[in-house]
Amino acid sequence: MNLRRILLYLKLDAKSFMRGKTGPFFLIVFPIILILLFGSIFGSSGATAKTTLVVQNLDPGNDTWGIVNSINQTGLFSVVVIAPDVNISTYIAQNSIDSALQIPENFSVEFSKGVISLTYYSNPSNQIASALGQTLANEIAQSYNSNLTGSKSVLLVSRPVLEKFSKTIDYYIPGFIGFTILSGVFALIYQVPNYREKKIFRQLSFVGLTKSEWLAASVIFFTLSTFISDLVLVGIGYAVFDANLSLSIQSILLSAVVIFLGMISFLSIGLLAGLLTKEENSASLIGNVIFYPMLFLSGVFFPISDMPAFLQVVSEFLPLTYFIKALDNLILFDNIQAVVLPITIMAVIAVLLFFAASYIATNRERL
Amino acid sequence: MPETVIKITDLSKSYGKFEAVKGISFEIFRGEIFSILGHNGAGKTTTLEIIEGQRTRTSGTVQVLGMDPETKRAEISQRVGILPQDFNFLELINCGEAVDFYIKSLNAKDSVDGILERVDLLDKKRSLIKNLSGGEKHKLGLGLALVNDPEILFLDEPTTGLDPVARRSVWKVIERLKGSGKSIILTTHYLEEAQKLADRVCIMDRGMITITATPDEIIHKYGKGSVLRLSFSDPDMKAFLKLGMKHRRSGDFIEIDISTMDEFFSIIDRFKEIRISPENLTLTRDTLEDIFIDLMGADGNES
């Protein structure tokens, strides 16, 4: 490989990219839209943000109001009490409520027999409300169990894993970065059939630029542009949504390595897919077939632990999974030791994919 | 004896059972423009790409500047320039940037302005490639091919798809290169182009070479000669007929077959002697195109 040729092409490619309409959009505008959109949706919910909880106490006894007071004291819920004669299902539907707790009529009687029965209504698509409700029900049960044994009754509701974070947006930032890296798949999947059709690879070969050098230049260019994208993204996260990440020098440098390795992998995947594509139109289909399953199965937006077991196995084979694991550990948990394994796996995947893509591209006579 | 820069011997190329090139042989000399003619699918581009080292051959030998392009492609590429068919480059790059990229990548001594001037594109230095006309784009491709001051220039159908004006402007640039000592291999299916530019022509048909000669040799050997076509006023016509000169009538016109230019001038002298003035005088000669169509048929089938 000739570094001088790579850098000369890199400069040329960067100019071409910046003069296009779509390039700057995906580099600067798209990450801004992404974080503003998600930040607006999730930015106000989190450990200290209050979730509205409708409570209906059907038990005539006074003891059960202790539960309601305890819930109020957690500070996590904005409790709305509705009268016993209101139909709770209708109320939930009419008021678009995501969380509701119903204390049954015979709660005190059943409790004295050692049976605890509570009904919790939640919107499954609201993961925060759903998780809080589950925790709440468990803690009430635990609290009453403690009462039975005579120990002190304390109602605890689990808080998010990282107590220091005040915004849910923090949890999404590694996913956003993963999303920008994964978009690298699309960068080459369209370019390869386009360059092949216009014989631009052949034209570049007249100055001695090899396919491996072209791929290396693309990796450097897209890594740099992704850094810019991600800086914009994190900057807006801080400026607008008060994000709070573990951005030490060490974590930033290692994140750069992770982004670089991710870029090699996803650009190589894009190149391989582009080689399979005869024309630009079918590139879109192949790109989407690769992009979306990887996006949803790698823990970008949904935790892998929430997936069925067989999908968790599938996720172990996806390079983006290790990318997200590494970034989570670096910029959320500041756990440098935990990134050794994901980075090693990513490096192996990146090297294998780069050489496979370079070899196949080089040995295709008509490219 | 001129120096041979390219020597092809028994070259064949097959794609599965299809034989695109069937055992062709020819030599190209330093400083000449050698044109490969043929219909679409005749094997011109395949032959050219094998010589350039872009494609592998099935059998035969190829020597470019004494080297085999399959094994010495990098060395050869330093000494040749290539304008591929349907030249394209990054569309959002301007002409100056494209030439600059070539100069720096090839460590060439030329300047951006110098190259653009040679192909009449200096005024387009800052124009994006996507905004160039077809002719300008081809001239830029030619300029890029000239960057390393090549000994051999490969021009693969350099004017295909261009309008007549653009075609002539590309010819003008190629004509300027003639005599610069560069060997130029030109594939084309425009017979007029080959006749105007080439020193020697090789006609390919279905993977084989039918003829290799200079355009004049081909016209002389396979053409029907020249025809003098003229008309006279009535009194002059009577005087002409009294001369007893061999001719034929074609409507109001007289046609006289001419073998040499001396014969033409002696006929004109006879007219002057008997004081007759021919009207509408034209001297037509078979073109390479006429002969090509006669030999190959308009649709590519040999007649």
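Line order of the protein sequences matches chains E and X.
Numbering-wise (the working numbering), the first sequence opens with residue -11 and increments by one.
Numbering-wise (the working numbering), the second sequence opens with residue 6 and increments by one.
For each residue, glycine too, the CB sits at the ideal point set by N, CA and C.
In the structure shown, phenylalanine 23 of chain X adopts extended strand secondary structure according to DSSP, grouped into three states. For the pair isoleucine 134 of chain X and leucine 88 of chain X, the CB atoms are not nearer than the 9 angstroms cut-off. Of the candidates X:Gln90, X:Val69, X:Asp91, the residue whose Cα lies closest to the Cα of isoleucine 81 of chain X is X:Val69. At a cut-off of 9 angstroms between beta carbons, glycine 8 of chain E contacts chain X.
Assignment of glycine 184 of chain X by DSSP, reduced to helix, strand and coil, places it in the coil class. No Cβ of chain X is located within less than 9 angstroms of the beta carbon of serine 346 of chain E. Segment contact: the stretch 186 to 195 of chain X against the stretch 113 to 124 of chain X, fewer than three CB-CB distances shorter than 8 angstroms; contact not assigned.
Distance from the CA of isoleucine 189 of chain X to the CA of alanine 25 of chain X, rounded to the nearest whole angstrom, comes to 23 angstroms.
In this chain, the alpha helix (DSSP H) harbouring valine 228 of chain E covers 199 to 229. Under the 9 angstroms criterion on CB atoms, aspartate 91 of chain X is classed as interfacial with respect to chain E. Going by C-alpha positions, tyrosine 310 of chain E is about 29 angstroms away from aspartate 1 of chain E. Not one beta carbon of chain E lies nearer than 9 angstroms to the beta carbon of glutamate 156 of chain X. Using a CB distance cut-off of 9 angstroms, tyrosine 227 of chain X does not count as an interface residue toward chain E.
With contacts defined as CB atoms closer than 9 angstroms, isoleucine 257 of chain E and valine 173 of chain E qualify as a contacting pair.
Counting only the Cα atoms, leucine 53 of chain X lies some 28 angstroms from glycine 101 of chain X. Here glutamine 238 of chain E carries a helix assignment [DSSP, helix/strand/coil].
Around the beta carbon of tyrosine 109 of chain E, 16 or more other beta carbons sit within 10 angstroms, so the residue counts as buried. For tyrosine 160 of chain E, the enclosing alpha helix (DSSP H) starts and ends at 157 to 170. At least one beta carbon of chain E lies nearer than 9 angstroms to the beta carbon of lysine 109 of chain X.
In this structure, isoleucine 337 of chain E places its C-beta atom within 9 angstroms of the C-beta atom of serine 253 of chain E. Contiguous alpha helix (DSSP H) elements confined to the stretch 264 to 294 of chain E occur at 268 to 285, taking only those with 4 or more residues.
The three-state secondary structure of glutamate 32 of chain X, taken from DSSP, is strand. Residue environment for glutamine 325 of chain E: exposed (fewer than 16 other C-beta atoms within 10 angstroms of its C-beta). Taking a cut-off of 8 angstroms on C-beta distances, the stretch 6 to 20 of chain X touches the stretch 60 to 79 of chain X, as three or more cross pairs fall below it. For methionine 242 of chain X, there is no enclosing beta strand (DSSP E); the residue is found in the alpha helix (DSSP H) stretching over 239 to 248.
Contact residues of the stretch 176 to 194 of chain E toward chain X are Lys186, Lys187, Ile188, Arg190, Gln191, Phe194 (C-beta to C-beta distance below 7 angstroms).
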